[in-house]
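K.L.:
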Amino acid sequence: MYLEKIIIKNISAIKKLEFTASFTEDGSPKPIVIVGENGSGKTTLLSNIIDSFYEISSNLFSNVAKMENTSRKFYKINGVPNLSFGENKGFVFIKYKSKNIEELIEYIDYINCNTDDIKEFCSLNLEAKSSKKTTYFNKDYIEILRQEWHTQAHYYQPANRYEEPFWKNPNFDDSFKETKKYINKYNKELEIITSLEKNYSYILDIVLDGLLYKSNKDSLLWNEINKILQEIKQDKALTFGIGPRHSNNRIGIYKDKKLFLNNINQLSLGELTLLNLFVNIIRHTDLSNETMDKFEGIVVIDEIDVHLHSDLQSKVLPSLIKLFPKIQFIITTHSPLFVLGMQREFEDDGFDLLEMPSGIRISAERFSEFQKAYDTFRQTETFEKDIDNRIKSIQKPTIFVEGKTDVKYIKKAIEIFNRNDLDKKIEIEQIGFEDENGAKNSNDKALFNAEKFLEANQKFLNNKVLILHDPENKVQERWIGEKLRINKMPFFEENFLNKGIENLFSKETIDKIKKEKPQYIDFTESYIIKIRGKEKTIPDKHSVNKDEKVNLCNWICENGTEEDFENFKVILEIIDEFLEKKD
Numbered sequence: 001m002y003l004e005k006i007i008i009k010n011i012s013a014i015k016k017l018e019f020t021a022s023f024t025e026d027g028s029p030k031p032i033v034i035v036g037e038n039g040s041g042k043t044t045l046l047s048n049i050i051d052s053f054y055e056i057s058s059n060l061f062s063n064v065a066k067m068e069n070t071s072r073k074f075y076k077i078n079g080v081p082n083l084s085f086g087e088n089k090g091f092v093f094i095k096y097k098s099k100n101i102e103e104l105i106e107y108i109d110y111i112n113c114n115t116d117d118i119k120e121f122c123s124l125n126l127e128a129k130s131s132k133k134t135t136y137f138n139k140d141y142i143e144i145l146r147q148e149w150h151t152q153a154h155y156y157q158p159a160n161r162y163e164e165p166f167w168k169n170p171n172f173d174d175s176f177k178e179t180k181k182y183i184n185k186y187n188k189e190l191e192i193i194t195s196l197e198k199n200y201s202y203i204l205d206i207v208l209d210g211l212l213y214k215s216n217k218d219s220l221l222w223n224e225i226n227k228i229l230q231e232i233k234q235d236k237a238l239t240f241g242i243g244p245r246h247s248n249n250r251i252g253i254y255k256d257k258k259l260f261l262n263n264i265n266q267l268s269l270g271e272l273t274l275l276n277l278f279v280n281i282i283r284h285t286d287l288s289n290e291t292m293d294k295f296e297g298i299v300v301i302d303e304i305d306v307h308l309h310s311d312l313q314s315k316v317l318p319s320l321i322k323l324f325p326k327i328q329f330i331i332t333t334h335s336p337l338f339v340l341g342m343q344r345e346f347e348d349d350g351f352d353l354l355e356m357p358s359g360i361r362i363s364a365e366r367f368s369e370f371q372k373a374y375d376t377f378r379q380t381e382t383f384e385k386d387i388d389n390r391i392k393s394i395q396k397p398t399i400f401v402e403g404k405t406d407v408k409y410i411k412k413a414i415e416i417f418n419r420n421d422l423d424k425k426i427e428i429e430q431i432g433f434e435d436e437n438g439a440k441n442s443n444d445k446a447l448f449n450a451e452k453f454l455e456a457n458q459k460f461l462n463n464k465v466l467i468l469h470d471p472e473n474k475v476q477e478r479w480i481g482e483k484l485r486i487n488k489m490p491f492f493e494e495n496f497l498n499k500g501i502e503n504l505f506s507k508e509t510i511d512k513i514k515k516e517k518p519q520y521i522d523f524t525e526s527y528i529i530k531i532r533g534k535e536k537t538i539p540d541k542h543s544v545n546k547d548e549k550v551n552l553c554n555w556i557c558e559n560g561t562e563e564d565f566e567n568f569k570v571i572l573e574i575i576d577e578f579l580e581k582k583d
């Protein structure tokens, strides 16, 4: 069974949504990825899909949402509180299709509606004012669909996998006892809050059966479960196996037939999360006797990126989804990394990306927004790793400044004023790093980010660190703990240049540069403008040409005098004060 169409009108945050699922030429369902801000209706959409699972399966199996005292216990509460603000009627309509029966399977949850409101797309006749209704199946169809549900996967995993969703009826009991697999009983979960215990037992059964019986089915399942493990760990040499008899956990992980991990709990939280998410599919399709590329059904997962670090989101998770081409994944996410990973794995037309609350497909062009977010994340991640490595290797007090010209100017001031003692006591480094394309993360924002990072990781500071901002930045000068100092260079209002460390050069020095190297300094003469009839004089403006910043630094460091670097004495005083503080 696959979802074919969903229409929602005036329910919660969703005013109007109409979506038709996409399928490949061979009939395989394309994954559906749902994005949107908090409160945009993502969970509302998923809750109605799982509610339809309960309502449809209750027509097939005697132990699902049974009637009690002639009053049905619904999974999701129905009624006016679900309506959008200011509306007096609304509905959720979902249509499914099965390859084994010709008739479409319909579900509707409606409030204050009648048949005329839905007749354009729904064949059901509405009787009560507000209720739920599904397609009535004849006896032959019931037997076919029961077999389908026994062999396929139809379940939901909420974001709060160990907590009940807020919209769930508190009186609803979703537990099923372990029973024999009678045809009219359903012995699998429709909602999976936690599955580690069941999956542990299931994997153990597969391992033992594989050792004892060597059947084709057991070999298939064994291979499929190992594929999931190998994909998660990105290592084709790993397999599950039986751990030592006296170990706390019998399921071990082996590499080239040697014990690699004593038990599966030694996987990271993200790896264990993925293992359970995808072993659930194998467990639920166990009776199909098929390989994972032929497993069928619908798997609904809210906030699939929960507990997963960046590589698991962007690389591993999409590749795991691709292992199950016949499973219709309906997934919500907040992660641009996951969306970009899906694009790389499936290409633009290989999956549906829906934006809530409208439910419209996002075109390929919209991926540029995710790319920007991803690039920013990667840049920040690289920057933090760089800072982390540098602070751990610091051998003496270190000063971080914005760029490499700042480093050169300060070192020249140390030389010109005969303060070689400082050269032996400190390191001066630009923030960020450089590659073949130039400086990365070398700006005032990077200094502020470094400040936050170092404040959060003070225990790793082997020596004192001074973060020295440019003159124009607004900075609260202070000590953070015993080893982190925040300072800024003084700002000289009377000087020509008002940005960067070059503000410390006097008017006389800049005039000299303009005369000797005019290409280094851009200059705009003062002019008069009229605003609302009043004249206003815009003063002269000097700035360093952005393409000549390094050349200017090189020239003045070669030709500058003590008079040119006079204002840099204040920086040397800041360094002295920094060094005087005892740890």
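Residue 174 in our numbering sits at position 174 of the sequence shown, with consecutive numbering throughout.
For every residue, glycine included, the Cβ atom is placed at its ideal position computed from N, Cα and C.
Keep in mind that this is a model prediction, so the values were computed, not measured.
Given a cut-off of 7 Å, decide if residue 338 and residue 313 are closer than it, judged by their beta-carbon atoms.
P.N.:
Here residue 313 is near residue 338, since their CB atoms are less than 7 Å apart.
K.L.:
Pick out whichever of 54, 452, 360 and 445 has its Cα sitting closest to the Cα of residue 107.
P.N.:
Minimum Cα distance to residue 107 is reached at 54.
K.L.:
Quick check: the region 537-551 against the region 471-485, are at least 3 beta-carbon pairs closer than 8 Å?
P.N.:
no
K.L.:
Count the other CB atoms within 10 Å of the CB of residue 538; is the residue buried (16 or more) or exposed (fewer)?
P.N.:
exposed
K.L.:
Taking only the alpha-carbon atoms, compute the straight-line gap between residue 411 and residue 536 and give it to the nearest angstrom.
P.N.:
42 Å
K.L.:
Give me whichever residues DSSP pairs with residue 150 in a beta bridge.
P.N.:
Note: residue 150 sits in no beta bridge, so no partner.
K.L.:
For residue 485, name the three-state secondary structure that DSSP assigns.
P.N.:
strand
K.L.:
Go through the region 489-561 residue by residue and report every complete run of the beta strand (DSSP E) that reaches 3 residues or more, in order.
P.N.:
521-524, 527-531, 534-538 and 541-544
K.L.:
Out of 83, 23, 93 and 35, point me to the one whose CA is closest to residue 50's CA.
P.N.:
93
K.L.:
Going by C-alpha to C-alpha distance, which of 202, 228 and 578 sits closest to residue 425?
P.N.:
578
K.L.:
For the alpha helix (DSSP H) holding residue 411, just list the boundary residues, first then last.
P.N.:
404-416
K.L.:
Using DSSP with H/G/I as helix, E/B as strand and the rest coil, what is residue 420?
P.N.:
helix
K.L.:
What's the gap between the Cα of residue 471 and the Cα of residue 418?
P.N.:
For the pair residue 471 and residue 418, the Cα-to-Cα distance works out to about 24 Å.
K.L.:
If you drop the 5 nearest sequence neighbours on each side, which residues of the same chain put their C-beta closer than 7 Å to that of residue 564?
P.N.:
505, 509 and 556
K.L.:
Just mark residue 286 as buried or exposed, buried being the case when its beta carbon has 16 or more other beta carbons within 10 Å.
P.N.:
buried
K.L.:
Would you kindly check if the distance between the Cβ of residue 398 and the Cβ of residue 465 is under 7 Å?
P.N.:
yes
K.L.:
Check the C-beta distance from residue 137 over to residue 113 and give it rounded, since I have them as a contact under 8 Å.
P.N.:
Their Cβ separation, rounded to whole angstroms, is 23 Å, which puts residue 137 and residue 113 out of contact at 8 Å.
K.L.:
Determine the direct distance from the alpha carbon of residue 327 to that of residue 352, and round the result to whole angstroms.
P.N.:
Using only the alpha carbons, I get a separation of about 14 Å.
K.L.:
Using only CA atoms, which one of 34, 540, 457 and 528 lies nearest to residue 342?
P.N.:
34
K.L.:
Would you decide whether residue 476 is buried or exposed? Buried here means 16 or more other CB atoms lie within 10 Å of its CB.
P.N.:
exposed
K.L.:
Please classify residue 62 as buried or exposed, where buried requires at least 16 neighbouring CB atoms within 10 angstroms.
P.N.:
exposed
K.L.:
Alpha carbon to alpha carbon, how far is residue 59 from residue 262?
P.N.:
So the alpha carbons of these two residues sit roughly 45 Å apart.
K.L.:
Only counting the same chain, and skipping five residues up and downstream in sequence, which positions put a Cβ closer than 6 Å to that of residue 387?
P.N.:
The residues are 450 and 453.
K.L.:
Indicate the three-state DSSP secondary structure (helix, strand or coil) for residue 181 in the structure shown.
P.N.:
For residue 181, the pLDDT reaches just 48, beneath the cut-off of 50, and the residue's location in the model is therefore unreliable, although a value from the coordinates is still provided. Reduced to three states, the DSSP call for residue 181 is coil.
K.L.:
Measure the Cβ-Cβ separation of residue 109 and residue 132 and say whether it is below 7 Å.
P.N.:
yes
K.L.:
With which residues is residue 306 paired in a DSSP beta bridge?
P.N.:
In the DSSP output, where bridge partners are listed per residue, residue 306 has none listed.
K.L.:
If you check the beta carbons only, do residue 513 and residue 501 fall under 7 Å apart?
P.N.:
no
K.L.:
Looking at the structure shown, is residue 131 part of a helix, part of a strand, or coil, going by DSSP?
P.N.:
strand
K.L.:
Would you call the region 301-309 and the region 216-227 in contact, with 3 or more CB pairs under 8 Å?
P.N.:
no
K.L.:
On the three-pair Cβ rule with 8 Å, is the region 290-300 touching the region 253-273?
P.N.:
no
K.L.:
Compute the distance between the beta-carbons of residue 276 and residue 199, then report whether it is under 7 Å.
P.N.:
yes
K.L.:
For residue 56, does the three-state DSSP call read helix, strand or coil?
P.N.:
Looking at residue 56 - three-state DSSP - the assignment turns out to be helix.
K.L.:
Using the C-alpha atoms, what's the distance from residue 88 back to residue 16?
P.N.:
Taking the straight line joining both Cα atoms gives about 14 Å.
K.L.:
Where residue 401 and residue 315 are concerned, what is the direct C-alpha to C-alpha distance, given to the nearest angstrom?
P.N.:
36 Å
K.L.:
Got a sec? Which residues, its chain only, sit under 8 Å from residue 13 by beta carbon, not counting five neighbours each side?
P.N.:
39, 40, 41, 44, 84, 356 and 357
K.L.:
Looking only at C-alpha atoms, which of 238, 251, 422 and 154 sits nearest to residue 202?
P.N.:
251
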